[in-house]
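Participant:
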């Protein structure tokens, strides 16, 4: 029984918790609120009280269960090996079953599910975004702030929607001369609509390494925003859509440049569809050949070092929670960065600490999200670097907003962008 | 249920955002880290930010006769923070400032919500340490730690919390504030209330500020591990190290059940058939550490260790400590419920105590692993069980009873570092008789006649 279907599925997981409170030492939310309900132990107790019948799943409970960035730091620090990430998913799914989905989230996830409508909306949005967003002068990125407050404040800095989404801009198959492999690229929404520069860098780096890239047009949202908020129905529909789209075009491997997308393909699709006779095998098959881009370039097809040009950057690397603790990938991006001539990697204090973005968490709890981000930005500013590299577009958004508001001169980029930059510099130099 | 006006008065003093009244929040203050204990939710949780606010809360509580349960991180193991009669939980976590570092007097002045590790990190910047280091050092608060008088791994050489508390600011049950002790090494003015309130588990007054003693950080350290195939030999080795005038910073022991569990968990290279492992660390000036570690190595060999390992560098040291550090996690993952006791005996009685625990485990057919601070006689018999198994839990309670009896019969004590709370209250007369219990009660009633502060802990009201 999966965590998405019943609260009972986490019974054993709950019993493992001995209430020692070690999660307090690492929980980014608890560090800010210092209230027991913020930390894993508090929410584990609430789930236990619900299961024992001592408390009911109320709207207030659902609200408390929203207090988690799913950063998984508590998992790592737990002496009993409690998988709190599973507990929080099960609790949120139960909340949706009992109390329904928050109306705003309902609209949002329905939109994500209706891919064509969503796509139309985003494209139209790129034309009309100026109505709501005020463009900010910035040397390298297209950033903006909300002109008016829609409940999330006007402090947050957003990237502007790209003029054309990545998947409209690039062909469905990007061919190379002597392909040594055919790789499918799952872009994810943020890279498709906002950070097309990351997507282009992925394609650039792969083709540079003689790899044919397939970008199935039929792909959509990974469904993580829905599944982490308990909307299992929408998440399942999205998982099926994506599996169909990739199966139709076929590939030797699948790469993502986004930690949610990686988690989805590697783990979540399988969990969501474990009882689906048609899709469970498909989910497993694609899970086995899914790679984060940095993982792919280190372990699957080691990227070529000849042709790397000089990139003068002082870089600090932020570990995205779902890449680092979720997929165990933290050495690979650093290895890539260190192999680029001219790049100096300077570690920040606690690079694995959550940035506070956590998808819709930052929309539901904007103040808390900013407080968590402020600690991260303070650590970044101490490194005296000029570039923050990371492996996740959502973290990039949060960090970009943070450095912009703090007035620090840091460019926030995906690791693969710096690698693409190096290949480009190499070509320029050899001409 | 609490009268509406109590909540209104609390809000007036503390502000609405510092007063929690919703069921969903209250439920998360119904427990602490103590296993197999009945939970009870409070009626309200308040978070003051000053001594004055604490005093106001106490006055409100007195006026309405509502119990107050002070709480830090809720990591204690004796039910010390469970609000068993409902009422007010007083969360001290927002009083979390280090107020002063005094390098000339080697003191720090801190508020009770400061996490011990935060103080350690600050002290390290000045080349100083605050020696008490309970297992919960990264989560527990100074207020909780002082109220429980926690110990830890370095007790043998450096003592425990009470040896580092020089002064306290206390809100009394009548709402008055007193300051006792200070930065002077010597102080015999009046009764030693600092000593009395340290380890009082919040039953006599509420600590809102403390002056703690810091000491220079040792220059270096070295670890030695000895493996024994016989408990008595391990016991003799402990005695021999001390007899040779070596006082290690830590001297830890793990029994066979612990070794087996830990080895399967982390593969640290411990022999599965070993009866006991001793882990010893000496610290201080380089020259002294060099001399003492060689001596410890020789003593362990002379006392019949089948294997002795000396860590040559930090990596090897970490490997030796991996096994000890993993003891609790490894045991905790074996069964859902972990009952961690802290019966303590004179260190010469360690082998006897280990044998008693083993007999009890056999008698009640329970899994009990024992590890702990051999150097100071503080053992942690750890019962691995499952609260859902009623029959087994009955046997667990009987076993715990016998462990207490065993420790006291050997001239030991009920609790070395976890405190009495609700968990061990019924056993007090075993240790110091009815007259002793009466003396405790007299002190409690002199300072808190209405049983307002953490009622139901240590002393029972007739």
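Residue numbers (my numbering), protein chains in the order written: chain A, 4 to 434; chain B, 70 to 531. For every residue, glycine included, the Cβ atom is placed at its ideal position computed from N, Cα and C.
Please report the Cβ distance between residue 214 of chain A and residue 176 of chain A, rounded to the nearest whole angstrom; I am assuming they are in contact, meaning their Cβ atoms lie under 8 Å.
Facilitator: The residue given as residue 214 of chain A occupies position 211 in the first chain. The residue given as residue 176 of chain A occupies position 173 in the first chain. Not quite, the Cβ-Cβ distance comes to about 12 Å (not below 8 Å), so this is no contact.
Participant: Which of the three DSSP states is assigned to residue 114 of chain A in this structure?
Facilitator: Residue mapping note: residue 114 of chain A aligns to position 111 of the first chain, counting from 1. Residue 114 of chain A falls in the helix class under three-state DSSP.
Participant: Taking its Cβ as the centre, do 16 or more other Cβ atoms sit within 10 Å of residue 504 of chain B, making it buried, or is it exposed?
Facilitator: Mapped onto the second chain, residue 504 of chain B falls at position 435. So residue 504 of chain B counts as exposed.
Participant: Within 8 Å: the Cβ of residue 136 of chain A and any heavy atom of the ligand ZN?
Facilitator: The model depicted lacks the ligand ZN and carries no ligand whatsoever.
Participant: Looking at residue 142 of chain B and residue 490 of chain B, is the spacing between their C-beta atoms short of 9 Å?
Facilitator: Along the second chain, one-based indexing puts residue 490 of chain B at 421. Along the second chain, one-based indexing puts residue 142 of chain B at 73. Against a cut-off of 9 Å, the Cβ pair of residue 142 of chain B and residue 490 of chain B comes out as no contact.
Participant: Across which residues does DSSP place residue 350 of chain B in a beta bridge pair?
Facilitator: As a working note, residue 350 of chain B is residue 281 in the second chain. Partner(s): B/292 and B/319.
Participant: Using 9 Å as the threshold, is the C-beta distance between residue 400 of chain B and residue 104 of chain B below it?
Facilitator: What you label residue 400 of chain B is simply residue 331 of the second chain in a count that begins at 1. What you label residue 104 of chain B is simply residue 35 of the second chain in a count that begins at 1. Contact flag unset, no.
Participant: Within 10 angstroms of the Cβ of residue 341 of chain B, are there 16 or more other Cβ atoms? Answer buried if so, exposed if not.
Facilitator: Translated into positions along the second chain, residue 341 of chain B becomes position 272. Under this definition residue 341 of chain B is an exposed residue.
Participant: If you draw a straight line from the alpha carbon of residue 73 of chain B to that of residue 145 of chain B, how long is it in whole angstroms?
Facilitator: To locate residue 73 of chain B, count along the second chain from 1; it is residue 4. To locate residue 145 of chain B, count along the second chain from 1; it is residue 76. Cα to Cα, residue 73 of chain B sits roughly 31 Å from residue 145 of chain B.
Participant: Please state the DSSP three-state secondary structure of residue 325 of chain B.
Facilitator: As a first step, residue 325 of chain B is located in the second chain; it is residue number 256 there, counting from the start. Here residue 325 of chain B sits in helix by DSSP.
Participant: So is residue 133 of chain A buried or exposed if we call it buried at 16+ other beta carbons inside 10 Å?
Facilitator: Numbered from its first residue, the first chain carries residue 133 of chain A at position 130. Residue 133 of chain A comes out exposed.
Participant: To the nearest angstrom, how far is the alpha carbon of residue 384 of chain B from that of residue 391 of chain B?
Facilitator: One-based indexing of the second chain puts residue 384 of chain B at position 315. One-based indexing of the second chain puts residue 391 of chain B at position 322. Taking the straight line joining both Cα atoms gives about 10 Å.
Participant: Taking 9 Å as the CB-CB cut-off, is residue 22 of chain A touching chain B?
Facilitator: Translated into positions along the first chain, residue 22 of chain A becomes position 19. Yes - at least one Cβ of chain B is within 9 Å of the one on residue 22 of chain A.
Participant: Does the CB of residue 93 of chain B have a neighbour CB from chain A at under 9 Å?
Facilitator: Counting from one through the second chain, the residue named residue 93 of chain B turns up at place 24. Yes, its Cβ sits closer than 9 Å to a Cβ of chain A.
Participant: Unbroken beta strand (DSSP E) runs of length 3 or more, entirely within the stretch 285–361 of chain A: which are they?
Facilitator: Runs found: 293–295, 316–321 and 346–348.
Participant: Who pairs with residue 447 of chain B in a beta bridge, going by DSSP?
Facilitator: Residue 447 of chain B sits at position 378 when you count from the first residue of the second chain. The partner list for residue 447 of chain B (beta bridge, DSSP) reads B/413 and B/442.
Participant: Per DSSP, what are the beta-bridge partners of residue 195 of chain B in this structure?
Facilitator: Stepping through the second chain from its first residue, residue 195 of chain B is reached at position 126. According to DSSP, which records beta bridges pairwise, residue 195 of chain B is partnered with nothing at all.
Participant: Does the distance from the C-beta atom of residue 242 of chain A to that of residue 286 of chain A stay below 9 Å?
Facilitator: Start at 1 with the first residue of the first chain, and residue 242 of chain A comes out as number 239. Start at 1 with the first residue of the first chain, and residue 286 of chain A comes out as number 283. Yes, the pair counts as a contact, with Cβ atoms nearer than the cut-off.
Participant: What's the gap between the Cα of residue 526 of chain B and the Cα of residue 258 of chain B?
Facilitator: Position 457 of the second chain, counted from the start, is the residue given in the question as residue 526 of chain B. Position 189 of the second chain, counted from the start, is the residue given in the question as residue 258 of chain B. Each residue's alpha carbon lies about 29 Å from the other.
Participant: When the Cβ atoms of the stretch 107–120 of chain B are set against those of the stretch 446–462 of chain B, are three or more pairs found closer than 8 Å?
Facilitator: No: the two stretches stay apart, fewer than three of their Cβ pairs being nearer than 8 Å.
Participant: Could you tell me if residue 273 of chain A is buried or exposed, where buried requires 16 or more neighbouring beta carbons within 10 angstroms of its beta carbon?
Facilitator: Your numbering for residue 273 of chain A matches position 270 in the first chain. Under this definition residue 273 of chain A is a buried residue.
Participant: Can you give me the Cβ contacts of residue 4 of chain A inside the same chain, cut-off strictly under 6 Å, excluding the 5 residues immediately before and after it?
Facilitator: Within the first chain, the letter at position 1 stands for residue 4 of chain A. Excluding positions up to five away in sequence, the list reads 12.
Participant: Counting C-beta neighbours from all protein chains within 10 Å, is the total for residue 247 of chain B 16 or more, i.e. buried, or is it exposed?
Facilitator: In the second chain, counting from the first residue as 1, residue 247 of chain B sits at position 178. Residue 247 of chain B is exposed by the Cβ-count criterion.
Participant: Run down chain B in chain order and give the residues with a C-beta less than 8 Å from the C-beta of residue 55 of chain A.
Facilitator: Working through the first chain from its first residue, we reach residue 55 of chain A at position 52. Those do not exist, as residue 55 of chain A stays about 10 Å from chain B at its closest Cβ, beyond 8 Å.
Participant: Check whether the stretch 316–335 of chain B and the stretch 442–449 of chain B touch, using three or more Cβ-Cβ pairs below 8 Å as the test.
Facilitator: With a cut-off of 8 Å, the stretch 442–449 of chain B and the stretch 316–335 of chain B count as touching, because enough Cβ pairs lie within range.
Participant: Below 6 Å CB to CB, which residues in the same chain sit around residue 99 of chain B once its five sequence neighbours on both sides are set aside?
Facilitator: Indexing the second chain from 1 puts residue 99 of chain B at position 30. Within the same chain, residue 99 of chain B has close Cβ partners 108, 109 and 110.
Participant: Pull the bridge partners of residue 286 of chain B from the DSSP assignment, please.
Facilitator: In the second chain, the residue the question calls residue 286 of chain B occupies position 217. Residue 286 of chain B is not bridged to any residue.
Participant: By how many angstroms is the C-alpha of residue 201 of chain A removed from the C-alpha of residue 415 of chain A?
Facilitator: As a position in the first chain, residue 415 of chain A is number 412, starting the count at 1. As a position in the first chain, residue 201 of chain A is number 198, starting the count at 1. Whole-angstrom Cα-Cα distance: 11 Å.
Participant: Taking the alpha carbon of residue 279 of chain A as the point to measure from, which residue in A/297, A/299, A/61 and A/240 has its own alpha carbon closest?
Facilitator: Looking up residue 279 of chain A in the first chain gives position 276. Residue A/240 is the option with its Cα nearest to residue 279 of chain A.
Participant: Drop a sphere of 10 angstroms on the beta-carbon of residue 416 of chain B, count the other beta-carbons inside from all chains shown, and report buried for 16 or more, exposed for fewer.
Facilitator: Position 347 of the second chain, counted from the first residue, corresponds to residue 416 of chain B. Burial call: buried.
Participant: For the stretch 210–223 of chain B against the stretch 183–198 of chain B, do three or more pairs of beta-carbon atoms, one drawn from each stretch, fall closer than 8 Å, so that the two count as touching?
Facilitator: Contact between the stretch 210–223 of chain B and the stretch 183–198 of chain B is present, because at least three Cβ pairs lie under 8 Å.
Participant: Considering only residues of the same chain and omitting the five flanking positions on each side of residue 473 of chain B, which have a CB-CB separation below 6 Å?
Facilitator: For the purposes of this step, residue 473 of chain B is identified with residue 404 of the second chain, where counting begins at 1. The answer, listed in chain order, is 483 and 496.
Participant: Go through the stretch 236–267 of chain A residue by residue and report every complete run of the beta strand (DSSP E) that reaches 3 residues or more, in order.
Facilitator: Entirely contained in the stretch 236–267 of chain A, the beta strand (DSSP E) runs reaching 3 residues are, in chain order, 256–259.
Participant: Do residue 335 of chain A and residue 301 of chain A have their C-beta atoms within less than 9 Å of each other?
Facilitator: On the first chain, residue 335 of chain A is found 332 positions in, with the first residue counted as 1. On the first chain, residue 301 of chain A is found 298 positions in, with the first residue counted as 1. In this structure, residue 301 of chain A lies closer than 9 Å to residue 335 of chain A by Cβ.
Participant: Ordered along the chain, which non-local residues of its own chain (more than five positions away) have a Cβ less than 6 Å from that of residue 2 of chain A?
Facilitator: Outside the modelled stretch of chain A, which goes from 4 to 434, sits residue 2 of chain A, for which no answer is possible.
Participant: Taking 8 Å as the cut-off, does the stretch 72–89 of chain A touch the stretch 184–198 of chain A (at least 3 CB pairs, one atom from each stretch)?
Facilitator: Output reads no: the stretch 72–89 of chain A does not touch the stretch 184–198 of chain A.
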